Amino acid sequence: MAREFWNGTGLGSVFPRNIEKVVALRLPLALVKLPRVTVPVIRRWLEDRCLRARVPNDQRNLMGCLVAYCGHGIAFIAKILGRGRSGDWQNSDDLHCFVAVFR
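Next up, the structure:
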């Protein structure tokens, strides 16, 4: 199944793989990175774009959230800070991909 997913992307033998690029090529899914992902933030983001979805009425902080409808989806991903090579905190694309794939 994984081989089938990567075939035709031109990225099958490239490491580390750019999951965002592959998602754009292979899936009906939009990845939206936000500085903070909470239920109210997702609700507001959807409302600002005139998209309707049933969203729980709570205040939870989330690492990510998937909203799907009629075969299409939006994956909301929290911009995560990680330690860079210098030891400083910075945006980490590796951690974004981890959330996108495993959450």
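Mapping of the sequence shown onto the numbering used here: residues -17 to 85, in sequence order.
Just so you know, even glycine gets a beta-carbon here, dropped at the ideal spot from N, CA and C.
Small disclaimer: the values here were computed from a predicted structure and weren't measured.
{"Check": "Just the Cα atoms here: how many angstroms apart are Glu(-14) and Ser(-5)?", "Outcome": "13 Å"}
{"Check": "Report the rounded CA-to-CA distance for Pro38 versus Ala(-16), giving the unit in angstroms.", "Outcome": "33 Å"}
{"Check": "Among Ala6, Leu(-7), Pro(-2) and Asn0, which has the Cα closest to the Cα of Ile56?", "Outcome": "Ala6"}
{"Check": "Counting along the chain, where does the beta strand (DSSP E) carrying Ala50 start and finish?", "Outcome": "Gly46 to Tyr51"}
{"Check": "Near Leu89, what residues of its chain come up, given a Cβ to Cβ distance below 8 Å and the 5 sequence neighbours on each side ignored?", "Outcome": "In the structure as shown, the chain starts at -17 and stops at 85, and residue 89 therefore has no counterpart that could be examined."}
{"Check": "How is Lys61 classed by DSSP in three states: helix, strand or coil?", "Outcome": "coil"}
{"Check": "For the stretch -5 to 30, list the beta strand (DSSP E) runs that are entirely contained and at least 3 residues long, ordered along the chain.", "Outcome": "11 to 16"}
{"Check": "Measuring alpha carbon to alpha carbon, tell me which residue in Val23, Phe58 and Leu9 is nearest Leu48.", "Outcome": "Phe58"}
{"Check": "Roughly how many angstroms lie between the CA atoms of Gly53 and Arg34, to the nearest whole one?", "Outcome": "15 Å"}
{"Check": "Tell me which same chain residues have a C-beta within less than 6 Å of the C-beta of Leu28, skipping the five on either side of it?", "Outcome": "Ala35"}
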